Amino acid sequence: EMMSFVGRIAREHPVWVGLTIRLLITLTLDEAEVLLPGVSYTDVDYDVFRDAAQYVNDGKSPYERHTYRYTPFLAAILAMSERKLWGKALFSFADTLCGYLILRLRQQQSKNDGSGGGGSSSLVDAVWWLYNPLPINICTRGSAESFVVLLPVLSVVAIASSSGSGNAVRRAALSGVVLGVAIHAKLYPIIYTLSFMAYFSKLQGGTCWTTATNNSSSTSMLRFMTLWVRRLLRPASMAFLICSIMTFASLTYLAMHQYGPKALEEGLLYHFSRVDHRHNYSMYWYWIYLARARLVDEGMGILGRMLFLPQALLLLVSSLGVAPNDLSFALFLQTLLFVTHNKVITAQYFTWYLCLLPLCANRIKWNRRPMLASLVVLLVSVVTWLLTAYSLEMRGYAVHFWLWVASVFYFVANTLFFVIILQSYTPPPDPMKMKKR
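Numbering (our numbering) for the sequence shown: 177 to 613.
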């Protein structure tokens, strides 16, 4: 009977239960050494945040704290309270709000698909984020991901997917403002810009969306390009672009005005050239490690840059071909692709695409044998990497090459997962084609 009561509470009040879990972990495991002996549960980045906040309280720049490479507004918000757990509590609330948005968006999708969306699926919906151990662990250890980027990105998706009142231009402008905040805070959401522009253009409609684009001659290619220029210049698309640029530029200008060029260099430009071989799942970490010792030639660097060409092509295809009909799936694909090919991958990066996966999960066939096999391979690759990294970083064993092999295995597993996702995906019906019928 007790288990039945707990199950009912977890199913009927997932937001409150999810928040309670996060706050309890924050209060009880702050200084605990539950992961490894001598290693505190609290993430080292949280100490950086708190030190930067102390500099702000002292009337100094947060960038005087070495390795603080975030927006200065994060340090200013954390400076509002000197309580040690203030930041963790804030991140936990933001993470719970992410879960709430995911819950609402999934319920909205269920209603739109005609599958109900009642309480019978609320527990499954909550497991995707509110009861997911990974985001719980990351926010309670003191990572600001949910606060600085996941929440703004999910808010944009919620605004874009809203079925309430408000024309396309107004919703596009509001989404542009929110995405501009996200880009200023973390930069990587800039990859979503073209997808949102294509989505809002189709949402607004017009004759440019009733023209066929399925020819393949060179003349037709020119028409295709001209057509997409017309589509992207629609008022809703331009409202989104202008508002996102203005918001990003305004916040960046305020940061520079307050703290000088350091705010631009450390808070933004640093992330273009960031290279770090520690705690890095990326297969590029070994090249970075060898380059620091000058044991790798320029050819390897050129090869690394060439690997970004297919990423750019897939980003373009998903933005124009997928986003107008299924925005959340396009954003998920782009984020998974971006993280997989990035030079630096930490555990926090996983949440970038995991927060978007629940929004399109109902259109993916998870019970296919290839899908199950790809998930097993992905899990094995992560475990292999963690065990090898532990041997190197905690035990001091000279397994650099084998850790690189594990990183390549992880890259291949993610690529396989990406391909199987595409094969297992069922696109939603096109509203315009349904109207014609």
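Heads up, the beta-carbon is just placed ideally off N, CA and C, and yes, glycines get one too.
As the structure is a prediction and not an experimental result, all values here were calculated from the model.
Rounded separation between glycine 293 and serine 351 - CA only: The predicted model places glycine 293 with a pLDDT of 43, which falls under 50 and marks its position as unreliable; any figure quoted below should be read in that light. Looking at the two C-alpha atoms, the distance is approximately 26 Å.
Neighbourhood of leucine 205 by C-beta distance below 6 Å, restricted to the same chain and skipping five residues each side: Tyr217
Through-space distance from methionine 432 to glycine 318, alpha-carbon basis: 26 Å
Valine 588 versus tryptophan 561 - alpha carbon distance: 13 Å
Touch test, the segment 507-518 against the segment 254-271, Cβ-Cβ under 8 Å, three pairs minimum: no
Own chain partners of aspartate 227 with C-beta closer than 8 Å, once the 5 adjacent residues on each side are dropped: Arg241, Tyr244
Cβ-Cβ distance between serine 377 and serine 338 below 7 Å: no
First through last residue of the alpha helix (DSSP H) which encompasses methionine 373: 369-380
CA-to-CA distance, tryptophan 461 to valine 520, given in whole angstroms: 7 Å
Coil, strand or helix - tyrosine 246 by DSSP: coil
Nonlocal neighbours in the same chain, by C-beta distance under 8 Å from threonine 591, ignoring five residues either side: Thr516
Straight-line Cα distance separating proline 534 from asparagine 313: 19 Å
Whether tyrosine 529 touches phenylalanine 508 by CB criterion (7 Å): yes
Distance CB(leucine 579)-CB(tyrosine 375) smaller than 7 Å: no
Local conformation of tyrosine 460 per DSSP, three classes: coil
Glycine 381 and threonine 272 closer than 7 Å at C-beta: no
In chain order, each alpha helix (DSSP H) run of at least 4 residues that lies wholly inside the segment 269-357: 298-303, 309-316, 327-337
Cβ-based burial, glutamate 321 [other Cβ within 10 Å; buried from 16]: buried
Burial state of asparagine 518 (16 or more Cβ within 10 Å): buried
Helix, strand or coil at isoleucine 366 according to DSSP, with G and I counted as helix: helix
Cutoff 7 Å; reference asparagine 391; Cβ partners in own chain excluding five residues on either side: Because the pLDDT at asparagine 391 is just 49, under 50, the model does not fix this residue reliably, and the point stays unresolved.
Candidates Leu485, Cys274, Val220, Ala439: closest to proline 328 by CA position: Cys274
Supposed contact pair valine 333 and alanine 361 - C-beta distance, whole angstroms, cut 8 Å: Not really, about 16 Å apart at Cβ, beyond 8 Å.
Contact set for isoleucine 366: own chain, Cβ-Cβ below 8 Å, skip 5 residues either direction: Ile359
Which of helix, strand or coil DSSP assigns to tyrosine 626: It is not possible to answer for residue 626, since the shown part of the chain is limited to 177 through 613.
Beta-carbon contacts of leucine 417 that lie in its chain and below 8 Å, excluding the five residues immediately before and after: Gly352, Thr369, Met373
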